[in-house]
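Sequence lines, in order, name chains X and V. If you count the first sequence from 1, position 69 lands on 84 in this note's numbering, and the numbers rise without skipping. If you count the second sequence from 1, position 286 lands on 1642 in this note's numbering, and the numbers rise without skipping. Built from N, CA and C at the ideal position, the CB exists for glycine as well. Okay, so here's the structure we're looking at.
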Amino acid sequence: MPLLEAEGLTAGYGDSEILHDVHLRVDEGEIVALIGPNGAGKSTLMKAIFGLVTPRHGSIRFRGKEIAGHTPYNIVKEGLCYVPQVANVFTQLTAEENLDMGGYLLDESALPERKERVYALFPKLRERRHQRVGKMSGGERQMVAIGSALMLDPALLLLDEPSAGLSPKLVDEIFANIEHINATGLAILMVEQNARKALAMATRGYVLASGQNRVDGPGQALLDDPEVGRLYLGG
Amino acid sequence: MATPTHEERETPTAVTRTARPGERARALVQSRAFLLLAIAVVLAVLVVIAQVRGVGAERLLSLAAWGVMLGGIIGLGSIGLTLVYGVLKFPNFSHGALVTLGAYFTFTIIAWLPQGEPLTPLSFGWEFPVALLIAMPLVGVVAMAVDRVVYRRLRRQNAHLVLFAMASLAMAFFLRSLIYIAWGPDFHFYYPGRPNPALTLPFNIRVRADQLFILALALVLMLGVYALLERTRIGKAMRATADNPELAQVRGINTERVIAWTWIIGGALAAAGGTMYGLSSQLRPEMGFWLLLPMFAATIMGGIGNPYGALAGALIIGVTHQVTTAFLSPTYGPAVAFVLMVIVLLVRPQGLFGRSGG
């Protein structure tokens, strides 16, 4: 059984329809990259999966259970966590308080151990845990955002452009972290502007354009596909 | 090839970095220090006027002490106002009605309880704090119920914030009418005719024991709010929801539940403020309505959405308000709050502790 499976998904805001009949699948342990030009509907697809945009048609099943149209805080309980592209941290709270909020659904006694795991992954956060996140750098904020999403020990992590706005060195660091997280058995679905790097480490990739599926296949196959290269990877 | 465009892009930032004299002056005027200075100047002017009018230093000190107490009362109301604003982003004009309701609930509960001997030097017996402790959660539940019936519906329809504000104004009149129906238009006293002589403290400050009780209670409740927001899970969730409601949901926080708690806590504190106000003067159906302006002034002064700022603003307004009564009729009190609010809005609209650039 696939971990996440979306079929015939149609969604949008107000009168405009952004996604048309989109399908997507993530299996256990995979990294799936979602690429495509700006305005292709990648972020909308993430939001639709997570209940922030209510799907109009189609189904989204997580471990076989229908979650389309559920509220975000109910979807979180199923073992799905999401890191939005922007505004993905509580800037008025400290790093540690952000992690506490990431583990809001946990019993309070489980928090210290989970926080330790995040600090082991991002040692920098341990040093700065009592600092307000609003005063942190972009890279540190991204660590807080991903760390918060890991607090519930999800089965699938949704990352929307984890490398956006980071310096090249930090991009490599974040990607290395993502691969490391994936190696612990967590499946990852990520939207990435850095399409080549994302496909290089992805098990499979989907190309989305104008709200529709264009191509999908193993990450390396998409990288080798001249058509994909010309149209979506900048030649 | 890419270098020239790079330079072009950098030039405008370079211009803004080297601030022109005019901009530097504006930045200075908008700084927190300048606002504090402006407030201090207003206070100093008031003190000088009082001196000229022949008001003694001891009387001024006593007035300042009462001002701190009044600030405590205003602060209790402002915290609810600012918490609701932080989480729901609309100014709740019916908050004054919750203040009044709290005062009257305490009044009625006292009548039901057996009357104890006055706890001298205080003017009231044990039944007063007990009634207050019952009235606080009751008003909290009323506030939450209003949210369920009115504001939650608007939230579900994604209504414009102006509609929320208008609905809260309607609720203000509705609740006030209910208070008129239930308790009538007459003034009430918790303990009519009971003496509460002033005590003399060091520096010849004269305050009544009741006023000290009010101040102590306000302090305890504010420490409670601090502990709640900083130490408890629901408090942190309230701050998180105020910061970013969508992310709060994504992190698994049931924001509707957080909103309910925000109303309960805000309503309970309003009830405490109203009861304290009633104890320091008398109960009138309009009492909360008249506190609304100083409460909003305190909230704006401290930076909307910031509970600690609201408290600081309330203290400043309370003291200014009382010191003015040394030479002006107390009926002009609201004007003082209004003047301070306008100064803040002109100089630094984000308030003392607000985020810059707001």
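May I ask you to report which of helix, strand or coil DSSP gives residue i?
{"i": "P1477/V", "result": "coil"}
{"i": "K80/X", "result": "strand"}
{"i": "F1545/V", "result": "coil"}
{"i": "T1361/V", "result": "Because the pLDDT of T1361/V is 37, which lies under 50, any placement of that residue in the model is unreliable, and the question is left without a value."}
{"i": "A1491/V", "result": "helix"}
{"i": "R40/X", "result": "strand"}
{"i": "L34/X", "result": "strand"}
{"i": "D239/X", "result": "helix"}
{"i": "H195/X", "result": "helix"}
{"i": "G1436/V", "result": "helix"}
{"i": "L1426/V", "result": "helix"}
{"i": "D168/X", "result": "coil"}
{"i": "A1515/V", "result": "coil"}
{"i": "R1564/V", "result": "strand"}
{"i": "D122/X", "result": "coil"}
{"i": "V1411/V", "result": "coil"}
{"i": "G1714/V", "result": "Low local confidence applies: a pLDDT of 31 at G1714/V is under 50, so the model's placement there is unreliable, and no value is given."}
{"i": "M216/X", "result": "helix"}
{"i": "A1501/V", "result": "helix"}
Just the chain V side, please: which residues come within less than 7 Å of residue i by C-beta, in chain order?
{"i": "E176/X", "result": "The premise fails here: E176/X is roughly 15 Å from chain V at the closest Cβ pair, so nothing lies under 7 Å."}
{"i": "S163/X", "result": "R1607"}
{"i": "G117/X", "result": "R1607"}
{"i": "T106/X", "result": "D1599"}
{"i": "F65/X", "result": "V1606"}
Between which two residues does the beta strand (DSSP E) harbouring residue i extend?
{"i": "N228/X", "result": "Q227 to P233"}
{"i": "I46/X", "result": "I46 to I50"}
{"i": "R219/X", "result": "R219 to A224"}
{"i": "M1657/V", "result": "No beta strand (DSSP E) contains M1657/V, which is instead part of the alpha helix (DSSP H) from M1643 to G1658."}
{"i": "E22/X", "result": "L19 to Y28"}
{"i": "T69/X", "result": "Neither: T69/X is in no beta strand (DSSP E) and is coded neither H nor E."}
Beta carbon of residue i, beta carbon of residue j: below 8 Å?
{"i": "G220/X", "j": "G234/X", "result": "yes"}
{"i": "L167/X", "j": "G1608/V", "result": "yes"}
{"i": "L1432/V", "j": "T1676/V", "result": "no"}
{"i": "I1656/V", "j": "L1701/V", "result": "yes"}
{"i": "G54/X", "j": "L34/X", "result": "no"}
{"i": "I1561/V", "j": "M1632/V", "result": "no"}
{"i": "A110/X", "j": "R76/X", "result": "no"}
{"i": "G1458/V", "j": "A1670/V", "result": "no"}
{"i": "F1694/V", "j": "L1647/V", "result": "no"}
{"i": "I46/X", "j": "I203/X", "result": "yes"}
{"i": "L18/X", "j": "R78/X", "result": "yes"}
By the DSSP assignment, the alpha helix (DSSP H) with residue i in it spans what residues?
{"i": "T1677/V", "result": "Thr is not the amino acid found at residue 1677/V; the sequence shown has His there. Its alpha helix (DSSP H) spans residues P1663 to T1680."}
{"i": "H1451/V", "result": "H1451 to W1468"}
{"i": "G1622/V", "result": "T1611 to S1636"}
Since residue i and residue j should fall inside the 8 Å C-beta cutoff, what is the C-beta to C-beta distance between them, to a whole number of angstroms?
{"i": "L1517/V", "j": "F1446/V", "result": "5 Å"}
{"i": "A102/X", "j": "N1600/V", "result": "6 Å"}
{"i": "G1436/V", "j": "G1674/V", "result": "Incorrect: roughly 17 Å between the Cβ atoms, too far for contact."}
{"i": "M205/X", "j": "P183/X", "result": "So it is not a contact: roughly 18 Å between Cβ atoms."}
Which residues in chain X sit within 9 Å of residue i, going by Cβ to Cβ distance?
{"i": "N1552/V", "result": "Per Cβ cutoff of 9 Å: no residues; N1552/V is ~43 Å from chain X at best."}
Residues of chain V with CB under 8 Å from residue i, in chain order?
{"i": "P127/X", "result": "Going along chain V, no residue has its Cβ under 8 Å from P127/X, so there is no contact; the nearest lies around 14 Å."}
{"i": "A102/X", "result": "N1600, E1602 and L1603"}
{"i": "K80/X", "result": "Near K80/X there are no residues of chain V at all, since even the closest Cβ is about 17 Å away, more than 8 Å."}
{"i": "V91/X", "result": "V1606, R1607 and G1608"}
{"i": "L223/X", "result": "Those within 8 Å of L223/X in chain V number zero; the least Cβ separation is about 22 Å."}
Can you pull the chain V residues whose beta carbon is under 9 Å from the beta carbon of residue i, in chain order?
{"i": "P99/X", "result": "E1602, L1603 and V1606"}
{"i": "T86/X", "result": "Q1605 and N1610"}
Give the residues of chain X in contact with residue i, contact being defined as C-beta atoms less than 7 Å apart.
{"i": "A1389/V", "result": "Within chain X, no residue comes near A1389/V; the closest Cβ sits about 20 Å away, beyond 7 Å."}
Return yes when the C-beta of residue i is under 7 Å from any heavy atom of the ligand NAD, and no when it is not.
{"i": "V1679/V", "result": "No copy of the ligand NAD occurs in the structure displayed, which carries no ligand at all."}
Next on the checklist: Please list, in chain order, the residues of the stretch 1577–1600 of chain V that have any C-beta partner in chain C closer than 8 Å.
Outcome noted: In summary, chain C is missing from the structure at hand, where the protein chains are X and V.
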